[in-house]
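Written out below as structure tokens is the structure these notes cover.
In our numbering, the protein residues as written are 32 to 210.
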């Protein structure tokens with residue numbers, strides 16, 4: 032049997048609405064096949080577009096999720112930044128002096144008064160009585176501890192640091208360094 036005969040013999044199985052008496056030509060089958068192929072190609076191209084769009088949407092969703100997490104963390108970071116700024120502004124008034132002679136007094140108030148007097152003498156030519164507080168930093172041992180001097184403002188502390196060479200030259204008998 033020819034190819035056309037084989038197709039015709041198969042057609043009742045493919046489409047039950049076709050009766051054996053209906054004549055189907057090879058061109059009719061090819062036309063239907065081409066129509067199906069065109070529809071398949073169209074569906075395939077639409078599917079490809081949907082896959083690309085889906086991929087694009089997934090990447091956009093990932094980006095939005097990351098941005099959301101950054102913004103969520105940003106609120107916490109802004110609180111940390113504010114805390115850091117407050118901390119820095121309070122520390123901006125501090126000057127650390129090293130190798131300032133430490134008092135031998137037993138009484139704490141006497142030691143503080145002597146440290147205040149010693150620091151006031153060191154800074155006499157640079158700043159007036161803008162010293163708010165003087166305290167020693169660290170554990171007491173054989174060496175003199177660093178002296179933390181809290182000034183009335185950050186400007187005064189900056190003025191002291193700018194003039195540290197003048198202060199060192201003024202106290203030739205003492206070796207004073209700044210931190």
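Note that beta-carbon positions come from the ideal geometry of N, C-alpha and C, so glycine has one too.
In this text, all values refer to a predicted model and were calculated from it rather than measured experimentally.
* Closest to residue 212 by CA distance: which of 129, 189 and 135 is it? -> As shown, the chain starts at 32 and ends at 210. That puts residue 212 outside it, with no answer to give.
* **Closest by C-alpha distance to residue 183, when choosing among 171, 172, 86 and 161** => 161
* Asked: Quick one: any contact between the region 124 to 131 and the region 163 to 183, if contact means 3 or more CB pairs under 8 Å?
  -> yes
* **Those runs of the beta strand (DSSP E) which lie wholly inside the region 121 to 167 and span at least 3 residues** => 125 to 129 and 162 to 167
* **For residue 171, the three-state DSSP class (helix, strand or coil)** => coil
* Does DSSP classify residue 178 as helix, strand or coil? -> In the three-state scheme derived from DSSP, where H, G and I count as helix and E and B as strand, residue 178 is classed as strand.
* To do: Could you tell me the boundaries of the alpha helix (DSSP H) in which residue 196 lies?
  => 195 to 201
* For residue 131, which option in 167, 140, 122 and 90 has the closest C-alpha, if you only look at C-alpha atoms? -> 167
* Cβ atoms of residue 122 and residue 134: under 9 Å apart, would you say? -> Cβ atoms of residue 134 and residue 122: not closer than 9 Å.
* **Assigned secondary structure, residue 86 (DSSP; H/G/I helix, E/B strand, else coil)** => helix
* Count the other CB atoms within 10 Å of the CB of residue 91; is the residue buried (16 or more) or exposed (fewer)? -> exposed
* Asked: Going by other Cβ atoms of all chains shown within 10 Å of its Cβ, with 16 needed for buried, is residue 153 buried or exposed?
  -> With at least 16 other beta carbons inside 10 angstroms of its own, residue 153 counts as buried.
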